[in-house]
Each structure stands twice: as C-alpha cells, then as structure tokens.
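>
Numbering (my numbering), first residue to last: 7 to 547.
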C-alpha cells in the first residue's frame with residue numbers, strides 16, 4: 007500500500023507507505039527446492055515548514071522519517087517441519103545448519119532527520135540524524151550531522167560527520183558499508199548452549215564506525231555540475247584477522263582499536279549545452295589501496311532534434327573494507343569503452359544501437375599458469391586436469407628459502423605478467439509507445455575467448471478504458487557459455503528462457519492493484535517461479 011500527499015504547503019504532513027508481497031521458488035543443486043515468502047513494508051512520515059508559513063528565501067525547517075521491515079516467512083520451508091528453525095536457532099540440530107545473522111524479519115530506519123534551509127540569510131543549511139550522501143563515492147548512509155555553506159562565489163561547501171550505518175547494530179543495515187566483511191550482531195554468542203564466536207571467524211563483530219567527510223560543489227550556472235568530495239571511515243572494536251587458530255594454541259588472532267575502514271577522494275563533473283551536447287568525467291581514489299577504483303568519461307553530441315551520438319568509457323577496480331581478507335587476494339580492474347547512437351524516428355518510435363569493447367586484466371595467464379605449477383612439481387603440464395592440487399601457502403614442503411617449489415613458481419613475478427582478455431559488446435533496442443500502451447525490444451551480445459552471453463527480450467503493455475485496466479508481458483531468451491568446454495564436454499553452454507505475465511486494475515483514482523507471475527527455465531537449476539502482488543493507495547490533501 008502507498009499513500010502520498012501533494013506538494014508540501016504550510017504545516018503540511020506527508021504519509022507514505024508501500025507494501026509488496028512476493029513468493030518465489032527455485033530448485034537447489036542439492037536436491038530440495040528453495041522457497042521464499044517475503045513481505046516488504048515501508049512507512050514514511052514527513053513534516054514540512056515547522057516554522058509556520060513558508061516564505062521563499064527565508065528559513066525553512068522539515069522533518070523526514072522512513073522505515074522498512076523486510077520479513078521472510080519462508081525461511082526453513084525446504085526443511086522437515088521439526089527442523090524448520092535450524093538455520094536461525096542454534097539449538098536445533100546442534101547448530102549444524104545455523105547461519106549467523108539470519109533472521110526471519112529485519113527492521114531498519116532508512117532515514118530520520120531534521121533539516122533547515124536558507125539559514126543565516128541563505129548562507130547555511132543543515133541536516134541532523136540518519137541521512138544519505140550520494141556522489142561519485144557511492145550511495146552512503148550515516149548517523150550524524152551535515153552542514154552546507156552557500157557562498158556568494160557560486161560554490162557550496164559541505165561538512166559532515168557521525169557514524170556509518172552498519173549491519174548488526176539495532177535499526178541498521180549493512181547495505182551501505184564497504185564490501186568484503188560479513189558483520190552482524192553477536193547477541194547470544196559465547197553463552198551457555200549458544201554458538202561460539204570463534205566457530206564463525208568469518209562473521210565479524212558489529213561495532214560503531216566513526217566517519218567524516220567534506221565536499222565542494224558548483225552551485226552556479228545551470229550548464230555546469232561539479233563536485234569534489236572526500237570521506238574517511240574508521241573501524242573500531244575487535245575483529246578476527248585469520249580464519250584458522252594460531253598453531254601455538256593461543257586461539258584466533260584478533261585486532262582491536264581505531265583503524266581505517268575506507269579513505270577515499272572523488273571528483274565528478276558534467277558540462278552540457280542543450281543544443282550541442284555534453285561532456286562528463288569523474289574518478290575516485292582509494293588512499294588505503296593506493297589505486298583508482300573508478301574512473302569514467304563520456305561525450306555526446308546532439309545531431310539535429312532527433313539523433314544523439316555518444317562515446318563512453320568506464321574503469322572499475324574492486325576495493326574492500328580495510329578489515330577484509332579480500333585485500334590479500336589479487337583483484338584487477340575491468341575497462342569498458344562503447345559508442346552509441348540514439349534516434350527518434352517518429353513521435354512513437356525510438357531506436358538505439360551500442361557497441362564496444364571490455365578489457366579484463368589478470369596477473370598471469372590462466373591458460374599457462376596451471377602448466378607452470380605442474381612443471382614446478384615435476385608433473386605433466388595437464389596434471390591439474392587429472393585432479394592434482396597444490397598448497398601454495400609455502401608450508402607444503404621444504405625447499406630453498408623455506409617454501410615449496412610450487413609456491414615459489416606461483417609467486418615469481420616472471421610468471422605473473424599482466425595479461426589482457428577482450429570481450430566484444432553489442433546492443434540493439436527499439437521502443438514503440440503511445441497513449442494506448444508500449445512495446446520494447448532489446449537484443450545484446452557479449453563474447454570473448456573465455457565465454458559469451460547473447461540473447462534478447464521483448465515486453466509489451468496495453469491499457470484499456472483510459473488506463474483503468476492494464477495487461478503486460480515480457481519474454482526473454484539468453485544463452486551463456488564460459489568457454490571451458492572440458493568441464494561439460496556434452497553441453498558447454500546454458501540456455502535460459504523466462505516469461506512474465508502481469509495485470510493491473512485501477513478501480514478508483516486513489517487505488518491501484520497489480521500482480522505478476524514469472525516463470526524461468528534454466529538447464530542448470532531447472533524451474534523457478536515467482537509471484538508478486540502489490541497494492542498502491544494514494545491520498546492527497
């Protein structure tokens with residue numbers, strides 16, 4: 007259900023709510039079917055113009071609150087009835103199926119803040135509470151305060167600080183923290199009859215994360231948007247540093263105290279002119295990892311009133327929370343460059359085409375690396391295909407400098423040159439739309455020496471009686487291949503077929519009912535079914 011007010015006026019109150027119910031079922035590679043019955047409820051409350059009548063250019067105060075409950079009543083449905091709580095209750099089955107942090111329902115306070123605008127003759131604005139910051143560093147949430155200074159030089163200065171929203175802390179979610187660490191509440195751990203924290207060293211303790219940031223943003227001409235931003239987040243509290251106990255019997259090593267979680271700088275800018283085109287670019291820099299996780303750029307030109315030409319490039323390198331074990335492993339970037347053309351043929355028909363190249367970077371050539379390890383062990387070049395396994399930690403055998411010959415070969419720089427793999431990209435799209443409905447088509451291909459993905463989907467929606475009734479459908483066919491036919495010599499590729507059927511009904515202007523049914527067939531996992539129902543109500547005063 008959803009309720010929403012019209013544009014806010016003096017002493018205006020806004021109430022919003024959304025309820026979505028879905029049920030889906032997918033076959034498991036282990037034989038049973040995974041069932042889920044999910045209910046999502048979002049409730050919002052806003053108060054505008056707390057100071058009284060709104061006067062443009064004068065101080066204005068607002069309050070906004072948004073909450074979410076995400077419940078799954080289907081947890082454990084794939085287990086026998088007397089074991090249905092085994093994944094959430096450690097005492098069932100002696101904890102053999104227990105999943106730390108898994109709960110039937112989660113509640114998080116998405117946003118809750120008070121804000122003031124046009125303070126000090128328009129020079130200051132502020133927000134206090136749980137809020138979002140969205141820029142080139144990502145979509146981020148924190149509890150604290152934000153001060154924005156509006157200068158006469160068409161530049162705004164932003165200062166903020168508080169605590170990053172972290173999973174495992176009450177009324178919080180892990181959705182906005184840096185990736186690579188599994189954190190959660192340890193309530194009930196290390197107690198009689200409960201799980202031990204050391205039994206799950208990958209499940210880290212939830213602790214508060216102090217953070218601060220600053221930004222400078224252009225606030226002048228409409229043709230220019232630019233923002234320079236910096237953000238630092240700290241980890242606190244105890245964290246396991248290894249997945250295995252010390253050999254001397256001292257337990258699992260940990261780290262404690264104030265330390266870096268993430269430390270990044272970013273810049274993004276767009277310059278555009280409505281009758282010519284535009285240019286954009288941006289980057290982020292990670293001081294902890296000493297690399298550029300993201301960088302992008304693009305240019306587009308408007309050729310007449312109906313055609314747009316564009317060139318885009320994007321660079322991405324994965325980075326992780328400073329406490330993450332993934333920082334120890336090799337991770338390399340991907341770079342994508344594409345060209346596109348978009349054309350409006352008529353008022354109802356649009357066409358677009360896009361093509362380009364994606365480059366994958368890796369340390370060492372995977373096609374040759376296995377043979378190098380086999381040769382170091384004195385075995386045939388194809389020994390790994392026959393089941394050979396090597397421990398490259400340096401402790402699997404005595405050799406020069408204290409490490410195994412295989413480990414030395416795996417770590418040797420001459421065996422790990424930077425190699426590049428290229429994928430070709432292509433996409434065609436078309437759309438027809440009118441007051442009666444619309445039809446969309448998209449076809450795409452991504453192919454390279456290590457695999458491919460090719461397919462198409464089409465969708466349509468038809469309305470009746472001035473939009474009171476609506477029906478829709480979508481169908482898609484995609485084929486996937488990983489290029490390693492030796493793993494599945496009889497069937498190296500996978501084809502997926504799916505369709506969606508939907509219908510909507512608007513009995514009155516304030517209400518809308520909708521439902522969808524989805525069925526997907528995949529050669530690897532079999533059948534998947536999903537049903538989604540939604541009711542929207544809108545009230546305006």
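Note that the Cβ used here is the ideal one computed from N, Cα and C, for glycine as well.
1) Output the residue ranges of the beta strand (DSSP E) runs that lie fully inside the stretch 258-306 and measure 3 residues or longer, sorted by chain position.
2) Is residue 221 near residue 233, with beta carbons less than 8 Å apart?
3) Decide yes or no for the touch test of the stretch 17-29 against the stretch 528-540: beta carbon pairs closer than 8 Å, at least 3 of them.
4) Going by Cα to Cα distance, which pick from 239, 133, 190 is closest to residue 184?
5) Does the separation of the CB atoms of residue 286 and residue 257 fall below 8 Å?
6) Please classify residue 45: does DSSP put it in a helix, a strand, or coil?
7) From which residue to which residue does the alpha helix (DSSP H) around residue 411 run?
8) What residue ranges within the stretch 344-399 form continuous beta strand (DSSP E) runs of no fewer than 3 residues, ordered along the chain?
9) Looking only at its chain, what residues have a beta carbon closer than 6 Å to the beta carbon of residue 274, apart from the 5 residues adjacent to it on each side?
10) Go ahead and label residue 265 buried or exposed: buried means 16 or more other beta carbons lie within 10 angstroms of its beta carbon, across all protein chains shown.
11) Using 10 angstroms around the beta-carbon of residue 261, count the other beta-carbons present and answer buried if the total reaches 16, otherwise exposed.
12) Could you spell out the range, first to last residue, of the beta strand (DSSP E) harbouring residue 114?
13) Who pairs with residue 2 in a beta bridge, going by DSSP?
14) Give me the Cα-Cα distance between residue 138 and residue 429, rounded to the nearest whole angstrom.
15) Can you give me the start and stop residues for the beta strand (DSSP E) that residue 321 sits inside?
16) Are the Cβ atoms of residue 313 and residue 225 separated by less than 8 Å?
17) Tell me whether residue 87 is buried or exposed, calling it buried when 16 or more other Cβ atoms sit within 10 Å of its Cβ.
18) So, helix, strand or coil for residue 332, using DSSP?
19) Take residue 378 and list the residues in its own chain whose beta-carbon comes closer than 7 Å to its own, dropping the five residues that flank it on each side.
20) Quick one, which of 448, 455, 442 has its alpha-carbon nearest residue 472's?
21) If you drop the 5 nearest sequence neighbours on each side, which residues of the same chain put their C-beta closer than 8 Å to that of residue 111?
22) How long is the line joining the alpha carbons of residue 534 and residue 284, rounded to whole angstroms?
23) Counting only the same chain and skipping the five closest in sequence on each side, list residues whose C-beta sits under 7 Å from that of residue 439.
On the basis of the coordinates in this document:
1) 265-279, 283-292
2) yes
3) yes
4) 239
5) no
6) strand
7) 411-417
8) 355-369
9) 142, 233, 288
10) exposed
11) exposed
12) 111-125
13) Look at the range of the chain in this structure, 7 to 547, and you will see that residue 2 is not part of it.
14) 36 Å
15) 313-322
16) no
17) exposed
18) helix
19) 415, 421
20) 442
21) 75, 76, 77, 78
22) 43 Å
23) 354
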